[in-house]
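Chains A and B, in that order, are what the protein sequence lines are. Numbering-wise, the working numbering puts 106 at position 106 of the first sequence, and it's gapless, one number per residue. Offset between the second sequence (1-based) and the working numbering: plus 1000. To start, the structure itself, in structure tokens.
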Amino acid sequence: EAAVTQSPRNKVTVTGGNVTLSCRQTNSHNYMYWYRQDTGHGLRLIHYSYGAGNLQIGDVPDGYKATRTTQEDFFLLLELASPSQTSLYFCASREDRVNYAEQFFGPGTRLTVL
Amino acid sequence: GDSVTQTEGLVTVTEGLPVKLNCTYQTTYLTIAFFWYVQYLNEAPQVLLRSSTDNKRTEHQGFHATLHKSSSSFHLQKSSAQLSDSALYYCAHSGGNYKPTFGKGTSLVVHP
């Protein structure tokens, strides 16, 4: 069973604040993803990565940085948080050996920017 | 570019009646997989169904879907909706270069 964990689970910060969201997967998956989920927009891809040191741009990358330090760990960085970044953030991983492999999602981090 | 379009917003159905959630897509990639994910309240999305084979029905937990490349569709259906099916449903495809594409989601509410 895939295991993806996220921390913190809830975070409140102020406008202009610095936030780091963490994600760890223990299934030796090469691909990891960061999404934000908002009512009316569904899941939107922010950044993704194939392995340590690799970063790919998603569909809504503005205002976000990401870094993949190891195969297991993927971080999302908000350096100047804005209220528009208030959202529920999900991390996911998937293997790359088969075309039909699904994504395994973490439990999510709810971020509020005041 | 790639896109996935789902039945928008909210679908309500009476318990025991059939339900269908629509999903159509656009893609330039020939070899990709299609998924339905389900997200229950306060939980993470999880895969419900997957398919990469044209015109083959796939089933799980009473739900079924058939990929039709001729009409670019992958609709989700169930013959008898249950209260426990109330959730948010996402249609998605695996995309090219491992970049997935999700629809905006359809909320299903099953009422007694």
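For each residue, glycine too, the CB sits at the ideal point set by N, CA and C. Keep in mind that this is a model prediction, so the values were computed, not measured.
(message) If the criterion is Cβ atoms closer than 8 Å, does the pair Tyr-1090 of chain B and Phe-1074 of chain B meet it?
(response) As a first step, residue 1090 of chain B must be located in the second sequence, where it is residue number 90. As a first step, residue 1074 of chain B must be located in the second sequence, where it is residue number 74. Cβ distance not < 8 Å, so Tyr-1090 of chain B and Phe-1074 of chain B don't count as in contact.
(message) Check whether the region 93 to 104 of chain A and the region 1069 to 1085 of chain B touch, using three or more Cβ-Cβ pairs below 8 Å as the test.
(response) no
(request) Would you mind telling me which residues of chain A sit closer than 7 Å to Ala-1044 of chain B, beta carbon to beta carbon, in chain order? (result) Here residue 1044 of chain B refers to the residue found at position 44 of the second sequence. Here the neighbours are Phe-90, Phe-105, Gly-106, Pro-107 and Gly-108.
(message) Would you call the region 49 to 56 of chain A in contact with the region 66 to 75 of chain A, where contact means no fewer than 3 C-beta pairs closer than 8 Å?
(response) yes
(request) Report the neighbours of His-124 of chain A on chain B: residues whose CB is nearer than 7 Å to its CB, in chain order. (result) Absent from the structure is residue 124 of chain A, since the part of chain A shown begins at 1 and ends at 114.
(message) So that I know if they touch, is there some Cβ in chain A lying closer than 8 Å to that of Arg-1050 of chain B?
(response) Working through the second sequence from its first residue, we reach residue 1050 of chain B at position 50. Yes, Arg-1050 of chain B counts as interfacial toward chain A.
(request) Establish whether the CB of Ala-1065 of chain B and some CB of chain A are separated by less than 8 Å. (result) For this step, residue 1065 of chain B is matched to residue 65 along the second sequence. It does not: the Cβ of Ala-1065 of chain B has no partner Cβ on chain A nearer than 8 Å.
(request) Name the residue from A:Val-4, A:Gly-16 and A:Arg-24 whose alpha carbon lies nearest to the alpha carbon of Phe-75 of chain A. (result) Along the first sequence, read from residue 1 onward, the residue named residue 75 of chain A stands at position 75. Closest by alpha carbon: A:Arg-24.
(message) Is it buried or exposed, Ser-93 of chain A, if we count other Cβ atoms within 10 angstroms and call 16 or more buried?
(response) Indexing the first sequence from 1 puts residue 93 of chain A at position 93. Under this definition Ser-93 of chain A is a buried residue.
(request) Using a Cβ cut-off of 9 Å, pull out every chain A residue sitting near Phe-1035 of chain B, in sequence order please. (result) For this step, residue 1035 of chain B is matched to residue 35 along the second sequence. By Cβ distance, chain A contributes Tyr-100, Glu-102 and Gln-103.
(request) Inspect the beta-carbon positions of Glu-88 of chain A and Gln-6 of chain A and report whether they are closer than 8 Å. (result) The count along the first sequence starts at 1 and reaches residue 88 of chain A at position 88. The count along the first sequence starts at 1 and reaches residue 6 of chain A at position 6. Residue identity differs from the one stated: residue 88 of chain A is Leu in this sequence, not Glu. No.
(message) DSSP has Asp-155 of chain A in a bridge; who is on the other side?
(response) Nothing can be reported for residue 155 of chain A: it is not among the residues displayed for chain A, which extend from 1 to 114.
(request) Check the Cβ of Lys-1056 of chain B against every Cβ in chain E and list those closer than 8 Å, keeping chain order. (result) This model lacks chain E altogether; the protein chains it does include are A and B.
(request) Could you tell me whether any Cβ in chain B is nearer than 8 Å to the Cβ of Tyr-50 of chain A? (result) Your numbering for residue 50 of chain A matches position 50 in the first sequence. Chain B contact via Cβ: present.
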